[in-house]
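Reviewing the structure listed below.
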Amino acid sequence: MNNKWNIRLADTAVVSILIIAGVATILPFLYILVISFTDPSEYIRTAGLILIPEKWSLINYQYLLSTNTFIRAMGNSAFLATVGTVLSLAVTSSFAYAISRKRLMGRKVMLMLIVIAMLFNPGIIPPYLLVKNLGLINSMWALILPVLTTAYYTFLMKSFYDNIPPGLEEAANIDGCNDLGIWMRVVLPISLPSLAAFGLFYAVAYWNVFFSAILYLNDFKKWPLQVLLQHMLIDSSTSVGGELAQQIASEQTLPQETLKMAAVIVATVPIVMVYPFLQKHFAKGVMVGSVKE
34 MNNKWNIRLA DTAVVSILII AGVATILPFL YILVISFTDP SEYIRTAGLI LIPEKWSLIN
94 YQYLLSTNTF IRAMGNSAFL ATVGTVLSLA VTSSFAYAIS RKRLMGRKVM LMLIVIAMLF
154 NPGIIPPYLL VKNLGLINSM WALILPVLTT AYYTFLMKSF YDNIPPGLEE AANIDGCNDL
214 GIWMRVVLPI SLPSLAAFGL FYAVAYWNVF FSAILYLNDF KKWPLQVLLQ HMLIDSSTSV
274 GGELAQQIAS EQTLPQETLK MAAVIVATVP IVMVYPFLQK HFAKGVMVGS VKE
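The sequence shown maps to residues 34 to 326 in the numbering used here.
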């Protein structure tokens, strides 16, 4: 009896802690959301102490989406998230399939290099020298090409391809498919759960790219949204934020804080909206290669 009560007490404590942690996590986001939709006059009148605004307004979003710099930054982030994700999935899946075939020459050496890449981080200087020698400084491709794939994702997908029944490839060979045809017509269709999961990981990474953009991009017109957002939140009173920071600083009718909150929501919502579409593949995809069938 005491054991049952102890288990119930432990379960109650765990659930309570999770609820408190969930509320503490979601409250700041809800506050940001409320302030972004608050009418500027009400925000000024209440000094920002608002839980539920009396008057809702879209003026903050209308102003942000009317500025060339913000729209350009959104376009840059969208380019990175779409093109980068597609290329990363193509490189990761094709490379993982290649090294999963035992007849590949140099396969053991490649696997050893992948393991070394998983264990050791080269730091900042080698990637910077690589980007510089390739002539990619101040180019959007500097944020894509050096990180097209990762050793960890490649190893996971390779483990998944190891479990593909040999009979599928043999049947495709009989039908006249070469290795490229097998990969495109047989392997990719049955890899959709893993591609969806890794695609989500890649998309989030590309959409949230920040440090690499600061390191490689000198032209603020090529900044992704996260870099521009950082300058809006921290350096909006300086000229480093470009024309948008200057517009915000000179705007008298709209408080800077409501514009900043609206910018945070705009930078967050696109990735959040992707999750529901990939959720059915996510649970299965993240388990790729973890269990030997």
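Just so you know, even glycine gets a beta-carbon here, dropped at the ideal spot from N, CA and C.
From this set, the options, which residue's C-alpha is nearest residue i's C-alpha?
i    : options               : result
Y185 : L250, A300, I149      : I149
S224 : N251, D195, C210      : D195
I104 : V305, M306, P73, A300 : A300
I246 : S110, I207, P222, P73 : One point to set straight first is that residue 246 is Ala, not Ile, in the sequence displayed. When only C-alpha atoms are compared, the closest one is S110.
R134 : E203, I77, Y76        : E203
I147 : K37, T183, Y76, R41   : T183
P199 : D212, F188, Y94       : D212
P10  : T102, Q95, N93, I68   : Residue 10 falls outside the range modelled here, since the chain spans only 34 to 326, and no answer is possible.
F231 : T79, T102, M190, N241 : M190
S127 : V220, I267, I298      : V220
Flag this pair as yes or no: are the beta carbons of residue i and residue j separated by less than 7 Å?
i    : j    : result
L169 : A175 : yes
L113 : P309 : no
Y239 : G117 : yes
N166 : N251 : no
F62  : W89  : no
L137 : A129 : no
L327 : L120 : With the chain represented from 34 up to 326, any question about residue 327 goes unanswered, as that position is not in the structure.
I215 : A205 : yes
V164 : Y235 : no
M294 : I65  : yes
L261 : A106 : yes
K254 : M173 : no
T187 : T102 : no
Work out the CA separation of residue j and residue i for me, nearest whole Å.
i    : j    : result
Q259 : P159 : 24 Å
P288 : M143 : 55 Å
L152 : L162 : 21 Å
Q263 : R218 : 44 Å
L97  : L292 : 7 Å
A43  : T58  : 22 Å
A296 : A54  : 25 Å
M265 : T100 : 13 Å
G156 : F193 : 29 Å
L82  : V56  : 19 Å
V307 : L233 : 8 Å
D72  : I50  : 35 Å
V302 : V237 : 12 Å
E290 : Y76  : 9 Å
Q285 : F243 : Unreliable positioning characterises Q285 in this predicted model, as indicated by a pLDDT of 45, which lies under 50. A coordinate reading is not provided.
L60  : G209 : 58 Å
S74  : T115 : 38 Å
W38  : V48  : 15 Å
N93  : R140 : 55 Å
R41  : I304 : 38 Å
So for residue i, helix, strand or coil by DSSP?
i    : result
W174 : helix
W89  : strand
T115 : helix
T71  : strand
R136 : coil
A230 : helix
T182 : coil
F83  : Checking the sequence, you will find Ile at residue 83 rather than Phe. Of the three classes helix, strand and coil, the one that applies to I83 here is coil, per DSSP.
L292 : helix
G209 : coil
Q285 : In this prediction, Q285 has a pLDDT of 45, which is less than 50 and means its spatial position is unreliable; nothing more can be read from the coordinates.
L66  : helix
P198 : coil
T271 : With a pLDDT of 45 at T271, under the threshold of 50, the predicted position of this residue should be treated as unreliable, though the coordinate-derived value follows. T271 falls in the coil class under three-state DSSP.
F243 : coil
L97  : helix
F153 : coil
R105 : helix
N251 : coil
L225 : helix
P257 : coil
L167 : coil
Between residue i and chain D, is the shortest Cβ-Cβ distance under 7 Å, so that the two count as touching?
i    : result
I149 : Looking at the structure shown, chain D is missing, and only one protein chain is on hand.
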